[in-house]
Structures are given as C-alpha cells and as structure tokens.
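> Sequential numbering of the sequence shown, starting at 1, is according to the numbering used here.
Before we start, here is the structure in question, set down as structure tokens.
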Amino acid sequence: MKIRSILVDDEDKSRDNLRVLLAEYCPAVEIAGEANSAATALKLIRQLEPQLIFLDIEMPGGSGFQLLQSLPAPRNFEVIFVTAYDHYGIAAVKACAIDYVLKPIDALELSTAVEKAMAQIIPQQENSRLRELIANMGKPIAENRIAFPLADKIIFAAPEDIIRLEAAGNYTHVYISGQKKIIVCKTLKEYNDLLTDQHFIRTHQSHLINSRKITAWIKTEGGAISMEDGSQVPVSRQRKEEVLKQLIK
C-alpha cells in the first residue's frame, strides 16, 4: 500500500536528500509532488490531496505553521515536520504533527516517523472501504457502486457510469464516463461476476461492455461494437450469437 505524500522545503538540497532517504528506507511513501514555498504547497495540497506532508518550518513567505493555519478543517492528512531547529518540537506537537525530524536527517528517525504516520493513515483507508460497504448494504443492487482499488486510493463508480472493461493479464483497464482510464490489479473475471446482472455483456475473452453505452453494431467479420467513448470493441466468433441475442432483448 502506497502513501501519497508531498515534500515542502525551500531548499533544493534538503528535498533531494529527503527524497533519497525515503526511497531507500520508506518504500511505502510515494512522492506525488514537491513545493519550495508555503504558497506553492497550498496549491499542491488542494490539487493532490496528499495523505502525508513532509513540512519544513522556516521558509520565505510563510512558515510551515502558517501554512497549516491557512488550511480549512477538516485536515485529511498527517504531517511530519522536518526542521533544523530542535526548539520547534513543542510547537510541532501543538500543531498536531504526527512527528518531527531534525536535520541532518537520521534514517532511523525518519523511518520511525513514517511508521507512526502509516499507523494513522492505513486505518483511515480501511474505514473508507468499510463505510462504502455499509452504505451499500440494503440498497437495491442497481444503486451499488463498484470499488476499483488503486495504489494510492479507491475509486468508486456506479455501474451505469462504467463504459467498458478490458483485460490485460492479471490487470484490468477500466473506462468510466468523464474520467481517465484506470488500471486495476484484478482480473476481468472478477468484474464480470459483479456486472453480468447490470446490463454488461462479455463480447470477447478480453472485453466486458456496458450494453447501455453502445452506439453501433459494426458488420465486420466476427462483428464489432462501437462504444460511447469512441472505442471499437471486438466480438469473438464464439460469442457473436449470444451477444446479438442480448442486444435485441
């Protein structure tokens, strides 16, 4: 499980050093972005919605504390302060930081701080999955949403918003209306079992489509189907008759 993080420090060398240490000692940390000022960090936080922020305290144009004060509640991320000044320790605790690490950074201290952060972040992710499961219980199945777990988050989509799914080995490419393609570490069969009663048709060993997103039947050898997203999905010879039956119901 990856933890989506950003580095905030006005010194390039400090960010470079932290990046190297995280890659070597904290592989679960994924660096999604970096900022060299509080103002830049504010934009980055809103854009990337990080789970963990490595935050310098003294920076030109605004301190790390001021950055946190400028953010509206609730704060959906953990903070590890990275500072060269040990007298900030009490202030860091008051600012609800998960931990603070002194420069020059000790790898063990950094690793310990990250473990503390993960102990808070991972249960939050699991709670999100549980809340979604509870919300779906007792609803008509057509209202249920399908969970697509990615490395750093879980995307939920209603079946009617899913255009098609395409197998890629042990992975599945998922195409959802209004979103970029996502790649999920699950087989197409798993989603086929979930969606066959939701107007989805298996046209090919590698393709599962939403019949309500079809725009045209193409009369080629074997047949093909045009989808709402502009793609053309093949129909295998073995499945052609069954697919046509489902389309004319």
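We treat Cβ as the ideally placed atom computed from N, Cα and C, and that holds for glycine.
Small disclaimer: the values here were computed from a predicted structure and weren't measured.
Spatial neighbours of TYR175 within its chain, please: CB distance less than 6 Å, with the 5 preceding and 5 following residues excluded, ordered by chain position.
Contacts found: ILE163, ARG164, LYS181 and ASP229.
> Look up ALA84 in the DSSP assignment and say whether it is helix, strand or coil.
The answer is coil: DSSP assigns ALA84 none of H, G, I, E or B.
> Kindly indicate which three-state DSSP category ALA142 falls into: helix, strand or coil?
Any answer about ALA142 is weak, because its pLDDT of 47 lies below 50 and its placement is not dependable; what the coordinates show is given next. Here ALA142 sits in helix by DSSP.
> If SER236 and GLN205 are in contact, beta carbons under 8 Å, what's the gap, nearest whole angstrom?
Confirmed, about 7 Å.
> Could you give the first and the last residue of the continuous beta strand (DSSP E) run that contains THR203?
Taken as a continuous stretch (DSSP letters only), the beta strand (DSSP E) holding THR203 covers 200–204.
> Under a three-way DSSP split, which group does MET137 fall into?
Residue confidence for MET137 is low, a pLDDT of 48 falling below 50, so the modelled location carries little weight and cannot support an answer.
> Based on the DSSP secondary-structure assignment, which residues constitute the bridge partners of TYR100?
For TYR100, which the question treats as bridged, DSSP gives the partners PHE81.
> Please classify ALA97 as buried or exposed, where buried requires at least 16 other C-beta atoms within 10 Å of its C-beta.
That one is buried.
> Compare the Cα-Cα distances from ALA252 to each of LYS153, ASP56, ASN76 and GLY64 and report the closest residue.
The question about residue 252 has no answer here: the residues shown for the chain are numbered 1 through 249.
> Pull up the distance between the alpha-carbon of LEU44 and that of LEU110, whole angstroms please.
Rounded to whole angstroms, LEU44 to LEU110 spans 23 Å at the Cα level.
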